[in-house]
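Just add 43 to the spot in the sequence shown (first one is 1) and you have this note's numbering. We put the CB at the ideal spot given by N, CA and C, even for glycine. Given the structure is predicted, the values throughout are model-derived calculations rather than measurements.
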Amino acid sequence: MKELIMTIIGSAAFFGFLQFIIQFLVTRADMKANFGKQLEMTNEKIDRNQAVLARTHILRFADDLRNGVHHSEEYFRQQMLDIDTYNNYCKDHPTFSNGLTIVASKFISDEFEKLYIGGINKNET
Numbered sequence: 044m045k046e047l048i049m050t051i052i053g054s055a056a057f058f059g060f061l062q063f064i065i066q067f068l069v070t071r072a073d074m075k076a077n078f079g080k081q082l083e084m085t086n087e088k089i090d091r092n093q094a095v096l097a098r099t100h101i102l103r104f105a106d107d108l109r110n111g112v113h114h115s116e117e118y119f120r121q122q123m124l125d126i127d128t129y130n131n132y133c134k135d136h137p138t139f140s141n142g143l144t145i146v147a148s149k150f151i152s153d154e155f156e157k158l159y160i161g162g163i164n165k166n167e168t
């Protein structure tokens, strides 16, 4: 009788442990899937924030230029990168508020061309 009870307890413990392992694996798979979704959402938020920040930089830089603030060639080049970042995000996300920097971007590009294209830097002359 004692052996029968031990066998039953052993079987129950084994099946309980097996159930625990299966539940653990299922939960882990769910957590992995949720983590992937959360990571994707976080990356999208980061990309959106970078686009918004680039837009802010573009608009502020254009205002600086209009107000006569002089900037280095390196800073101009950084603004050109911001313009690319913003335009690429807008191209990939048509519902994003795009078109807000068209005039400012053109103005920055024109000023950059006047000041730095062809090796002519009016600030040095």
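| Item | Value |
| --- | --- |
| Buried/exposed call for residue 100, threshold 16 Cβ in 10 Å | buried |
| Helix, strand or coil at residue 100 according to DSSP, with G and I counted as helix | helix |
| Of the residues 123, 86 and 55, the one placed nearest residue 159, counting alpha carbons only | 123 |
| Residues near residue 154 by beta carbon distance below 8 Å, same chain, minus five either side | 108 and 119 |
| Entirely enclosed alpha helix (DSSP H) segments - the segment 83-147, minimum 4 residues | 116-135 |
| 9 Å Cβ cutoff met for residue 152 and residue 130 | no |
| beta-carbon residue 93 near the ligand PLP non-hydrogen atom, thresh 8 Å | For the ligand PLP, the structure offers nothing, since it holds no ligand at all. |
| Nearest-angstrom beta carbon gap, residue 128 and residue 97 [assumed within contact, 8 Å] | 4 Å |
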